[in-house]
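If you count the sequence shown from 1, position 23 lands on 122 in this note's numbering, and the numbers rise without skipping.
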Amino acid sequence: MIFLFKKTKVSRYIFIALSAALPLSGHAASQEEPLEIEQLRKEVNELKALIQQQHLATVKRSEYQSPTEAGATENTSPKSLKLTTKAGAEFQLYGFIRGDSSYQFKGGNGIFNRIHKVDLQGHETNTDRFYNTVTTTRFGLDFKTPIEGQQIGGKLEVDFRGGVNNDTLRLRHVYLTYNNWLFGQTTSSFLATDLQPDMLDFGSPLGIGTFRTPLVRYNNKLSAGPEYFISLEKGRDENRLPTLSGKLKYDFEDGSISTRAMIQELRAPDANNEKELSWGAAIGASYQLSPKLKLMGDYSHVKGDDRFLLYTNNAYLMNDNKTQIYLNEFDSFTTGVSYQFTPKIKGTLGYGAMFAKDNNAFAQQDILLDQNQNKRLQQGWLYMMYSPITPITIGLEYIYGERKTFKDQKGIDNRLEAMVRYNF
100 MIFLFKKTKV SRYIFIALSA ALPLSGHAAS QEEPLEIEQL RKEVNELKAL
150 IQQQHLATVK RSEYQSPTEA GATENTSPKS LKLTTKAGAE FQLYGFIRGD
200 SSYQFKGGNG IFNRIHKVDL QGHETNTDRF YNTVTTTRFG LDFKTPIEGQ
250 QIGGKLEVDF RGGVNNDTLR LRHVYLTYNN WLFGQTTSSF LATDLQPDML
300 DFGSPLGIGT FRTPLVRYNN KLSAGPEYFI SLEKGRDENR LPTLSGKLKY
350 DFEDGSISTR AMIQELRAPD ANNEKELSWG AAIGASYQLS PKLKLMGDYS
400 HVKGDDRFLL YTNNAYLMND NKTQIYLNEF DSFTTGVSYQ FTPKIKGTLG
450 YGAMFAKDNN AFAQQDILLD QNQNKRLQQG WLYMMYSPIT PITIGLEYIY
500 GERKTFKDQK GIDNRLEAMV RYNF
């Protein structure tokens, strides 16, 4: 019925337009006919203008949509399962089912990144090994409730990488939010996981941190636009006082930049409760060079900590009498470039490194104790991601890295990894 009506209406306009183009006899027409014809002619012109306007808008959107935007449209995960209660509370379920495989030519004891513990030359026992796991599967629940103009929300997220063997349920994020406040366990404010290059390996790249810890955090925006985060966080179990961390983040049109800092009192109960000041500073940025090309990098300098950043040495070593402690100090950074080849194919080339200070008391004590801790770690990776359909992602990655101890012993990390993931 709708189709026939539209067809009849358009036919009527065409008929009237043709009729208006023909010579009309003043003697055969009534005085009302010219007015009616003029009105219909005006409606036809308005219809033509509307059709032309819609056509131009469609062409413009087609011409200016970037490949990245097109890819995002095609590859965006399906909408998460959402439930809204009568009172207005929203619950949103998300996650993915993931399977990982790895062939390790040389490396450490495990499927994922262990660059700081790969076998040293002459003691290589973890060579030519094949691994499989589905423990990286993840489930999460976001919720929020507006109450009298206040925003109350939270998150619960789990995977199966807990326990001694990394095969039991593990809490990743568990927190509540009240307006600008957060209470619970989540990623430290000293870290910037949004600035790390893409990596298939679930262990994450060398040079960054993923430390999730209980904390109390406050965040807000300055009048000029940057957003700041301040938090009291749980550091090492032995520390009596919480860690104070802060972040200042500025998002602009083509990227973002962030600076971070943390300070804490380090306590060594096995060295007569000796205390030292531990601290860290970091800066990182990302920049979208073009719709297809993105650069990112992050740098940190840390003294006296082994929790916030990945693959580091012990926070401290003790002298023989256990009366004095020597703090580890190091620089760590990661950088990478990602390129969107097609809406379905994306590649990332990345590099990460850790350089420990080797002329301090920590390094000298390590050599004396034959601890085999690391003077230098380096790692590069090439990651290709393919999304044949919206919820499915297939990845392939090659990783090569080197480890060098304070005694100049070397170790090699050489692996090929694959991943299949279903997002929901």
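Backbone N, C-alpha and C fix where the C-beta goes; we use that ideal spot for every residue, glycine too.
| Check | Outcome |
| --- | --- |
| Pairwise C-alpha distance: ASP227 and VAL217 | 13 Å |
| Residue nearest to ARG59 in terms of C-alpha spacing, selected from LEU426, LEU192, ASN144, PHE204 | What is shown of the chain runs 100 to 523, which leaves residue 59 out entirely. |
| Inter-residue Cα distance where the pair is ASP507 and GLY207 | 18 Å |
| Segment contact, 8 Å Cβ cut-off, at least three pairs: the stretch 364-381 with the stretch 330-344 | yes |
| Distance, ASP300 Cα to GLY239 Cα | 20 Å |
| Cβ neighbour criterion (16 or more within 10 Å) applied to LYS348 | buried |
| Whole-angstrom C-beta distance between PRO304 and PRO296, which should lie under 8 Å | 6 Å |
| Three-state secondary structure assigned by DSSP to ASP300 | coil |
| Extent of the continuous alpha helix (DSSP H) to which ILE466 belongs | 460-468 |
| Span separating the alpha-carbon of ALA455 from that of TYR499 | 20 Å |
| Assigned exposure category for VAL401 - 16 Cβ within 10 Å defines buried | buried |
| Separation of LEU481 from VAL436, as counted between CA atoms | 10 Å |
| Span of the beta strand (DSSP E), counted from its first residue to its last, around VAL519 | 509-522 |
| Reference GLY510, options MET484, GLY396, ARG475, ARG406, closest by Cα | ARG475 |
| Heavy atom of the ligand PLP within 7 Å of TYR349 beta-carbon | Of the ligands one can find in the structure shown there are none, so the ligand PLP has no counterpart to examine. |
| Burial state of LEU392 (16 or more Cβ within 10 Å) | exposed |
| Bridge partner(s) assigned by DSSP for TYR274 | LYS254, GLY283 |
| Close Cβ partners of VAL519 (< 6 Å) along its chain, the five nearest in sequence each way excluded | GLY198, ILE493 |
| Simplified DSSP assignment, three categories, for ASP227 | coil |
| Cutoff 8 Å; reference ALA186; Cβ partners in own chain excluding five residues on either side | THR244 |
| Validate contact between the stretch 341-359 and the stretch 378-392 using beta carbons, cut 8 Å, 3 pairs | yes |
| Which of helix, strand or coil DSSP assigns to GLN363 | strand |
| Candidates SER486, ARG359, GLY479, ASN265, of which the one nearest THR540 by Cα | As displayed, the chain neither begins before 100 nor continues past 523, which places residue 540 out of reach and without an answer. |
| Short Cβ contact (8 Å threshold) for GLY354 with ASN212 | no |
| Limits of the beta strand (DSSP E) - the one that PHE190 falls within | 189-205 |
| Neighbourhood of PRO325 by C-beta distance below 7 Å, restricted to the same chain and skipping five residues each side | LEU347, LYS348, TYR349 |
| Rounded C-alpha distance that separates PHE440 from ILE491 | 18 Å |
| Three-pair Cβ contact test at 8 Å for the stretch 409-419 versus the stretch 451-465 | yes |
| Counterpart residues of VAL401 in DSSP-defined beta bridges | GLY379, PHE429 |
| CA-to-CA distance, LYS421 to THR232, given in whole angstroms | 42 Å |
| Rounded straight-line distance, which links the Cα of THR183 to that of ALA517 | 38 Å |
| Through-space distance from SER357 to ALA171, alpha-carbon basis | Per-residue confidence for ALA171 stands at a pLDDT of 35, beneath the threshold of 50, marking its modelled position as unreliable; the derived number appears in the next sentence. Computed Cα separation, rounded: 25 Å. |
| Cutoff 8 Å; reference ARG311; Cβ partners in own chain excluding five residues on either side | ARG271, HIS272, GLN284, THR285, THR286, SER287 |
| Buried versus exposed, by CB contacts within 10 Å (16 or more), LEU123 | At LEU123 the pLDDT is 41, less than 50, meaning the model places this residue with poor confidence and gives no usable figure here. |
| LYS346, enclosing beta strand (DSSP E) - first and last residue | 342-351 |
| As assigned by DSSP and simplified to three states, the class of GLN241 | As written in the sequence, residue 241 is Asp, which differs from the Gln given in the question. Reduced to three states, the DSSP call for ASP241 is strand. |
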